[in-house]
Amino acid sequence: MTFIPLHDRVLVRRIEGDEKTAGGLIIPDNAKEKPQEGEVVSVGAGAKDDTGARIAMDVKAGDKILFGKWSGTEIKLDGEELMIMKESDILGVIA
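Position one of the sequence shown corresponds to residue 5 (the working numbering), numbered consecutively onward.
Written out as structure tokens, the structure reads:
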């Protein structure tokens, strides 16, 4: 199924973090924090300004991003857990 977010929203797939600590200890699933890094799957067309003109999005599909801990709404699409968030919730693009 194809999903295209509306306006200034972004569809993001979380990038899973390391399962071991620097010392080599394995971290159990219930003790892991959800990662704050993700990959942009798709983006909306952009928000509109007061005159009705589109404001271009700063991120594009494939960008690796960093977002806030409590950002976005988790959804399940075709059995995969994804997130929808506003572009303003994205802290930056990882180069």
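All C-beta atoms, glycine included, are put in the ideal place defined by N, C-alpha and C. Just so we're clear, the structure is a prediction, and the values are computed from it rather than from any experiment.
I need the straight-line Cα distance from residue i to residue j, nearest angstrom please.
{"i": "I94", "j": "D82", "result": "24 Å"}
{"i": "I98", "j": "D54", "result": "31 Å"}
{"i": "K73", "j": "M87", "result": "12 Å"}
{"i": "G66", "j": "E84", "result": "17 Å"}
{"i": "L15", "j": "M89", "result": "7 Å"}
Can you check which of these residues, the options, is closest to residue i by C-alpha distance?
{"i": "G50", "options": "A57, I88, E41, M61", "result": "M61"}
{"i": "S92", "options": "K80, S75, I79", "result": "S75"}
{"i": "G101", "options": "T6, E20, Q40", "result": "No statement about residue 101 is possible, as the shown extent of the chain runs from 5 to 99 and does not include it."}
Run the CB neighbour count on residue i, radius 10 Å, all protein chains shown included, and call it buried at 16 or more, exposed below.
{"i": "L10", "result": "exposed"}
Residue i by DSSP, collapsed to three states: which one?
{"i": "S92", "result": "helix"}
{"i": "E20", "result": "coil"}
{"i": "M87", "result": "strand"}
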